[in-house]
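Colleague:
Residue numbers (our numbering): 46 to 359.
#1: Tell me which residue opens and which closes the beta strand (DSSP E) that residue 286 is part of.
#2: Give me the Cβ distance between residue 348 and residue 52, rounded to the nearest whole Å; I'm assuming they're in contact under 8 angstroms.
#3: Compare the Cα-Cα distances from residue 220 to each of 194, 260, 137, 353 and report the closest residue.
#4: Going by C-alpha to C-alpha distance, which of 249, 235, 244, 236 sits closest to residue 223?
#5: Would you kindly report the start and end of the unbroken alpha helix (DSSP H) that includes residue 222?
#6: Rounded to whole angstroms, what's the CA-CA distance from residue 195 to residue 152? Just pull it up for me.
#7: Confirm, please, whether the CB-CB distance from residue 82 to residue 98 is below 8 angstroms.
#8: Taking contact to mean at least 3 C-beta pairs separated by less than 8 angstroms, is the region 266-282 in contact with the region 228-239?
#9: Exposed or buried, residue 78, counting other C-beta atoms within 10 Å across all chains shown (16 or more means buried)?
#10: When you compare only the Cα positions, how much space is there between residue 170 and residue 89?
#11: Are residue 282 and residue 320 touching if we call contact CB-CB under 8 angstroms?
#12: Label residue 257 either buried or exposed according to how many other C-beta atoms from any shown protein chain fall within 10 Å of its C-beta, with 16 as the threshold for buried.
#13: Going residue by residue through the region 281-330, where are the continuous beta strand (DSSP E) segments of at least 3 residues, counting only ones entirely within it?
#14: Answer yes or no: do residue 246 and residue 233 have a C-beta to C-beta separation smaller than 8 angstroms?
#15: Thinking C-beta only, is residue 289 closer than 8 angstroms to residue 317?
#16: For a quick check, are the C-beta atoms of residue 190 and residue 54 less than 8 angstroms apart?
#17: Going by the CB atoms, is the gap between residue 204 and residue 344 shorter than 8 angstroms?
#18: Is it buried or exposed, residue 297, if we count other Cβ atoms within 10 angstroms and call 16 or more buried?
#19: If the criterion is Cβ atoms closer than 8 angstroms, does the pair residue 370 and residue 76 meet it?
#20: Take residue 72 as the anchor and find which of 144, 84, 177 has the nearest alpha-carbon.
#21: Give the DSSP-derived three-state secondary structure of residue 176 in the structure shown.
#22: For residue 199, report the span of its alpha helix (DSSP H) as first-last.
#23: In whole angstroms, what separates the C-alpha of residue 350 from that of residue 49?
#24: With the cut-off set at 8 angstroms, would you say residue 207 and residue 142 are in Cβ contact?
#25: Starting from the C-beta of residue 163, find all residues in its chain whose C-beta is less than 7 angstroms away, skip the five residues before and the five after it, and write them out in chain order.
#26: Going by the beta-carbon positions, is the gap between residue 201 and residue 188 smaller than 8 angstroms?
#27: Give the straight-line distance between the Cα atoms of residue 177 and residue 357, rounded to the nearest whole angstrom.
#28: What span of residues does the alpha helix (DSSP H) with residue 111 cover, start to end?
#29: Which word fits residue 125, buried or exposed, when buried means at least 16 other C-beta atoms lie within 10 angstroms of its C-beta?
#30: Can you tell me which of the three DSSP states residue 203 falls into?
#31: Are the CB atoms of residue 302 and residue 330 within a distance shorter than 8 angstroms?
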C-alpha cells in the first residue's frame, strides 16, 4: 500500500508544482556527470568508455537510495515499515524522476502561439521545450504535428517507465532509469562524436523502454475510447505503423495517437504514421492533450496496481 500512496502523493506534487527550478533539478547534476564524461572520453574505445561511464553514473545516482528494501529510505531499526520522516520525504525524491505537468504546459504553449497565428514563436517554443530537430522551416501543421508526436512519445520515458521502475525496485531503480534515459537524451546521436560514445546508453534505454512503450501505446488506445476519439483506428494504426520509426519504441505511442486523432504524423524524410487525413491544428493539439490526460490517469492507475501486487507478494 505504501508505494501506491507515494505514487499518488508524488503525482499531486507534480500536478501542483511541476518540476523544481532548473538550478535545483537533479537532471542538472546528471548533465554535469555526462558532460564530464564527454570531455574525458578518449579517442579510442569510446563505446566501452561510454558504457562504463553510463553504468557508473546510474550507480552513483541510485546509491543514496540503496539502503533498505528497494531503496525505501528506511531509518535504522525500522525494518517492517516506513519511518514517518521517510514517508514524508519519499514523494519528493520520487517526483524529480517523472514529469507530466511541464510536458503538458509545453505542448499547450505551442498551441497558444499557433492560436495567435505566431508561427515564429510556436517554432521557438517547440524547439526550446519539445524537439531537437530544426524547426525553422516547419509549417503550422508540422509544428502542431511535432508537438503531438513529442507529447505521445514522452509519455513513455517521462511517466510510464520511471513509475514502473519505482514499483519494481524503489527509488534506486527509478533514479538509475532516469540517469540512463538522460544519457540517451544527451549522447544518443549518430554523429562522429556520439556514434560510439552514446551507443550503449541508447541501446540500454531501448531495452528498458521496450515494455513501457508498448503498454503506453495500448493505454492510449484505451484513453481514445474514454475521450470518444477513434480507439479502433488507434489500435489499427499502432499495429500497422509502430515499426516505421527508427526507435523500436517511440512508434507505438505516436502511431496510437495518430490513429486516435485520425491524422498523419509526418517527420520529413524519416517516417510517416498514417492515422487518417484529419487537420493538424490547434483544435487537434488540444484533443491530443485530452487523450494524454486520460492516458496519464490510466498509466498512474496501472503503476499503483502494480505497486500493490509487488508489495503484496513481500
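Each residue gets a CB set at the ideal place from its N, CA and C atoms; glycine is no exception.
Modeller: Reading it off the structure:
#1: Element bounds for residue 286: not the beta strand (DSSP E) but the alpha helix (DSSP H), 276-286.
#2: Confirmed, about 6 angstroms.
#3: 137
#4: 249
#5: 206-232
#6: Going by the C-alpha atoms only, they are around 8 angstroms apart.
#7: yes
#8: no
#9: buried
#10: 38 angstroms
#11: Yes, these two residues count as a Cβ contact at 8 angstroms.
#12: buried
#13: Runs of the beta strand (DSSP E) inside the region 281-330: 309-312, 316-319.
#14: A Cβ-Cβ contact shorter than 8 angstroms links residue 246 with residue 233.
#15: The answer is yes: Cβ separation under 8 angstroms.
#16: no
#17: Yes, Cβ-Cβ distance for residue 344 and residue 204 is below 8 angstroms.
#18: buried
#19: Absent from the model: residue 370. The displayed extent of the chain is 46 to 359, so no value can be given.
#20: Here the closest residue by C-alpha is 144.
#21: coil
#22: 185-200
#23: 7 angstroms
#24: A contact, by the Cβ cut-off of 8 angstroms.
#25: none
#26: The answer is no: Cβ separation not under 8 angstroms.
#27: 42 angstroms
#28: Element bounds for residue 111: n/a, residue is neither H nor E.
#29: Confidence at residue 125 is low in this model, with a pLDDT of 49, below 50, so the placement of that residue should be treated as unreliable; the coordinate-derived value is given next. Classification of residue 125: exposed, given that the 10 Å Cβ count is below 16.
#30: helix
#31: no
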